[in-house]
Amino acid sequence: MPLPAFFTVWNQCSYDKMWDNYNKMKAANCKKCDKYFHCQGNYEAVHNCQGGFQRQMASIISNIREWSQWRPGSGSNDSAADQAANLFGRNGGDCASEYLRKVNCTWNPKTGKCSW
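Throughout the sequence shown, residue numbering follows this note's numbering, covering 4 to 119 in sequence.
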């Protein structure tokens, strides 16, 4: 998906990495795996792209995503956990070790399926 005009001064690669991981998460529909995809999208956006503003781009997209899902009366715990996973990925954390088997997520990055 092309980068919205608002972000043209930022980083298309980072945007694409975030978008790709979001689409993988939606297509996979694996239980207990959303934090992995949050983490991995942020990791790839910062550490697999060049050109500058990677960290800022990942942070902005993550914040917009969380803000867009907020509703009065909705719990903030899941949003806080999403943001922790986002930050873990941006900081270069090992998303697979932290958010796959450890939390009973069945996503297998090698096969692209929800089973080990």
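The beta-carbon is built from N, C-alpha and C at its ideal position, and this holds for glycine as well. Since this is a predicted model, take the numbers as computed values, not measurements.
A contact is defined here as three or more CB-CB pairs under 8 Å, and the stretch 37-48 meets this definition with respect to the stretch 79-96.
Leaving aside the five residues that flank C42 on each side, the residues in its chain whose CB is nearer than 6 Å to its CB run, in chain order, A88, F91, G92, C98 and Y102.
Under the 10 Å beta carbon count, S62 is surrounded by 16 or more other beta carbons and is classified as buried. Going by DSSP, G92 is part of the alpha helix (DSSP H) stretching over N80 to R93. Around the C-beta of V106, fewer than 16 other C-beta atoms lie within 10 Å, and the residue is accordingly described as exposed.
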